[in-house]
């Protein structure tokens, strides 16, 4: 897998409506016609480049590491970091990190760092080709979910998530990582077989957004190495590079002094340390060490513009400034500088969010970020997703906000708000410190390795933050924030789906015009109180009963509201809440296009008595959120909070149930975004499948179809209100609360909110609504087209099965059948044929709609291989009908699935989902109780029987997505 998160962060051309975190990181110079900004004085301290092989950054830093982590180094220079953690119990996460990525490739090796990552799963000295994944599956690790790897520009990571920490599982996992580290065979025949898989990944990743990201990176890092070393590389190299060229890279960069093994989990530290020393102690480097790359010097540039025309891309605008990174490791001095900058950027982002929520916003979404990239550049960026045809307004608004914050800085009330918000998050993290998830802790340690950071605990983070912000003034933050805008530029980047007349000259002229407009002092907000603290007389409990075996309590209030509470200790200080109201899709007509594609406008519209912007300000310092969703049988209002803020969270959710704000500007923003969504979706096979498949699988039922361009153009806020208002305002209410809370506190908090609402009569969903169509079997596929690359195509094949409850055990047999199909698809289409990167199979069984379920297969291949791949799938189905699966296959199909469920059962998210609807449908509880035993009960004969029942050659239905004109 290609690790491109920082690449995308650097060069992302647009922003999601939900958040601005997908935007670039960038930095600034002197600006013609404005106050000159001096280059910032950098803290003195040790640099990343000065670290010796085997040396940890914290050894030369004044920042103390998390005392729970044991650090070590082998004589070879290989480092390791170990941490005992029992959340969840008896599980572990192993990460093998290499200080190497695609930037270390030679010109004729472009793409081979990532190709080598694939070869780590394809044969080594002690593990034959094709056996590594099977070995892990026998220990309960699922390929992809628990077993994975990623390659970035400057790092490569191998990941194993162990469902058990018994000696056999740990020893096997360490053995396989040791094989990947230094014993790969990289056989020529295996390399040739894998070429098609890597090329399939290249096709799958290529999209308008991806192409814009690469072109943006090339513009922003002009003349430097990173844009020339995108991890997927060059297709010609992938097609022709000999095995020896991969081996050359392997021996030069997969070396002990470049490796770090991270192990976090429920194990004895001394025992794990001994195992690592025994397993990796004999690893020695082969051949000459590879050199670190020369990333190139930062280009000297003034005001520069670039228009990137990419059909299907979102229209976006970026203002960026580029500086030379200091390369410092983390110290108290850099923490101080970075915290002040982060607080300043939080204020700036809050201002940009307010602009996007205006009645006539200059852009759909916007954000500002700063950071170092690959040791090549320090970038500061303001970016926005523009409304179609309105890039000038977006550019002017970004310019205004940048100059405003430079000229006037931040206000003390703005700073205090962001301090309170950040501190609330840090306090919540401290409260949950004892139950941090193992995989998150392992990821956190790995995340520090490439940047010279020190691993610290939540308690340390809070203490450090409090020390920094004590007595902190807005003037000090403003001065630090201003230095972020010092460097080369501004670099003005506009990715656009169509040409801009006059190109870069037009953009520069528009920027010059924008700069002629003076900026004003930012206005302070008015005072607003939280108007939803009371919902009337506190509700009374009418009935309460225990479900002892599931540690769950069912409550019914006198007003008819049902409450399900499950107290847990899976995550300290975490409480999840979901209010299920009405009947969801059962409430909607099947013949009218659903307007729920615009449902995010509901929360963005705020409440009747307070806007979303003011809600965030008034409730600052509390942990809460809200989301509207729709399930098959209920509308949902859900949130995530901590015990002390449960009352506030329930007030927010009850407020949305009773008095949503329905502000038209929120709907207009969503509608504007969707106005070009078809242009984006039609450029890839995945986009077309995502757009059309759900409607096709429901035979055109409008509750599942994607809105057409005409539907979107004609949509109004009233159409959304029409389908949401009555169910939320009049429907029966079920509240599910799971997490770090007692039953008494949950009951009391719900009694003051949902339990205090007037009784609701509730209307049963029509029985006919539970009958949903499914496409009739056909050997003739439905053919869809896309406007992307000519070598991209996708096949989706499905067989109708049944709903979950018509035969609960048979549904589990079918689920295991799907897992077996996944194994065979991977073995045949990926490993043997090298036809595709990630074939998938799965089974779906509805718990709401009668007789509705399916088993499906999805594969990405070049168009000319569609027929052959379809034939291979049909042959796999025939073999499953004709012959029982082997005991080994059955074990490898069942064990990872069972282990995944066991891992999920120690999360609050699992129980929030599995207890939803349980009070009115006891079959849900029976299913939850029996799921593992039901899967364990599945035999080879059951799988074959399910295949004979459902996988008939005359029972399939399929969709092909081909290039337009094929």
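Numbering (the numbering used here), first residue to last: 10 to 975.
C-beta: ideal position from N, C-alpha, C; glycine also.
The structure displayed is predicted, hence computed values, not measured ones.
Local Cβ density within 10 Å of residue i, reported as buried at 16 or more and exposed below that
i           : result
residue 530 : exposed
residue 492 : buried
residue 917 : buried
residue 267 : buried
residue 547 : exposed
residue 960 : buried
residue 445 : buried
residue 596 : buried
residue 764 : buried
residue 279 : exposed
residue 866 : buried
residue 419 : buried
Residues sharing a beta bridge with residue i, DSSP
i           : result
residue 742 : 590
residue 644 : 590, 639
residue 89  : 81, 270
residue 391 : 377
residue 561 : 556
residue 102 : 170, 273
residue 806 : 866, 967
residue 649 : 585
residue 854 : 862
residue 566 : 550
residue 669 : 616
residue 107 : 165, 268
Coarse secondary structure for residue i, derived from DSSP in three states
i           : result
residue 329 : strand
residue 973 : coil
residue 552 : strand
residue 535 : coil
residue 544 : coil
residue 713 : coil
residue 30  : Confidence at residue 30 is low in this model, with a pLDDT of 25, below 50, so its placement is unreliable and no value can be given for it.
residue 18  : For residue 18, the pLDDT reaches just 37, beneath the cut-off of 50, and the residue's location in the model is therefore unreliable, leaving the point undetermined.
residue 575 : strand
residue 499 : strand
residue 286 : helix
residue 317 : strand
residue 924 : coil
residue 123 : helix
residue 842 : coil
residue 507 : coil
residue 681 : helix
residue 148 : coil
residue 772 : coil
Same chain, Cβ closer than 7 Å to residue i, five either side skipped, listed in chain order
i           : result
residue 259 : 125, 193, 195
residue 181 : 144, 148
residue 758 : 655, 656, 659
residue 604 : 724, 728, 729, 732
residue 947 : 821, 822, 825, 903
Cutoff 8 Å; reference residue i; Cβ partners in own chain excluding five residues on either side
i           : result
residue 135 : 184, 188, 192
residue 956 : 826, 886, 889, 890
residue 303 : 234
residue 114 : 120, 121, 122, 238, 242, 258
residue 435 : 467, 470, 471, 474
Beta-carbon proximity list for residue i, same chain, < 6 Å, skipping 5 on both sides
i           : result
residue 26  : With a pLDDT of only 32 at residue 26, under 50, the local geometry of the prediction cannot be trusted, and the value read off the model is given with reservation. Closer than 6 Å at Cβ, skipping near neighbours: 374, 682.
residue 281 : 91, 272
residue 926 : 933
residue 454 : 90, 271, 464
residue 951 : 822
Expected contact under 8 Å - CB spacing of residue i and residue j to nearest Å
i           : j           : result
residue 294 : residue 256 : Not quite, the Cβ-Cβ distance comes to about 14 Å (not below 8 Å), so this is no contact.
residue 372 : residue 354 : Not a contact, Cβ separation roughly 17 Å.
residue 428 : residue 345 : No, residue 428 and residue 345 are not in contact; Cβ-Cβ is about 14 Å, not under 8 Å.
residue 404 : residue 523 : 6 Å
residue 811 : residue 862 : 5 Å
residue 944 : residue 971 : At roughly 37 Å, the Cβ-Cβ gap does not stay under 8 Å, so residue 944 and residue 971 are not in contact.
residue 339 : residue 73  : Rounded, the Cβ-Cβ distance is 11 Å, inconsistent with contact.
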